[in-house]
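Right, one structure below, let's go through it.
In UniProt numbering, the protein residues as written are 1 to 286.
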């Protein structure tokens, strides 16, 4: 006879059923018998009260296995037999499930270890790469600092060269202008009588240290041309216009009114001197 176990879908063969081989059924029945006897003893019976097997006990040979039949075991309800079998199957199922979970957890543990090793290796690789990048960054920062210093030096040098170039260009312009004026004055001296020359050529400091002071004192008349009279000056101006030469300032000697020098000005003391006392000039303009 087969019955459905409570809470499960499996069916088990009843004691003496035909679902198993005789030897297996006999072993299972014997195991259930011993378990039931222990249960019965805890409920009020005693193992000592269990009658010992004697000649009155019947022996049954099933498939070569001898099973001793005890009257006490035969008196147990059939439902208890099924309950015992169900308990054993449940225990086996729990043990099997626990084993599967153990295997699953062991596999998961191995995967976690492998993943942890990959993470550790990646972390070590990232640390080494970070160290290398930091070293490269320091090297680039040093190169950038050196390049910036070199750039500042070059900017300073360029500024100095630009100043020098500006001075040279100004000097060149002045030299070219002075050369043109000199040539123009030489032409005027050849063409017209009474042209004596420029102030800067006629009145020169007796010492080089007075060059700047004399230049400042002359002011805008430094490049003026000294002529004998106004008519000579007019002829020179006409010639410059005809030749499209730069205009010039002319000083006619006959029109100049010279103020007498104050003698007390020579006694100012210190390094102060009169410009009249530090310049040299020809007698033609005296």
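Ideal placement from N, C-alpha and C gives every residue a C-beta, glycine not left out.
Span separating the alpha-carbon of residue i from that of residue j
i	j	result
residue 257	residue 283	17 Å
residue 247	residue 263	38 Å
residue 204	residue 225	15 Å
residue 214	residue 268	18 Å
residue 281	residue 161	39 Å
residue 104	residue 93	16 Å
residue 178	residue 206	21 Å
residue 279	residue 176	26 Å
residue 198	residue 166	27 Å
Chain-order list of residues whose beta-carbon lies under 7 Å from that of residue i (same chain, five-residue window excluded)
i	result
residue 200	222 and 223
residue 8	Because the pLDDT of residue 8 is 41, which lies under 50, any placement of that residue in the model is unreliable, and the question is left without a value.
residue 137	none
Residues near residue i by beta carbon distance below 8 Å, same chain, minus five either side
i	result
residue 277	266
residue 147	none
Assigned secondary structure, residue i (DSSP; H/G/I helix, E/B strand, else coil)
i	result
residue 280	strand
residue 246	coil
residue 63	In this prediction, residue 63 scores a pLDDT of 40, lower than 50, which makes its location untrustworthy; no coordinate-derived value is stated.
residue 87	helix
residue 226	strand
residue 168	helix
residue 268	coil
residue 185	helix
residue 145	helix
residue 109	helix
residue 133	helix
Cβ-based neighbour list, residue i, same chain, cut-off 6 Å, excluding 5 preceding and 5 following
i	result
residue 227	194, 195, 233, 250 and 252
residue 209	none
Sheet register partners of residue i (DSSP bridge)
i	result
residue 251	226
CB contact below 8 Å: residue i versus chain B
i	result
residue 130	Among the protein chains of the structure shown there is no chain B, as only one such chain exists.
To test your reading of the DSSP string, which unbroken beta strand (DSSP E) runs of 3 or more residues are found completely within the region 187–217? Fully enclosed beta strand (DSSP E) runs of 3 or longer: 195–198.
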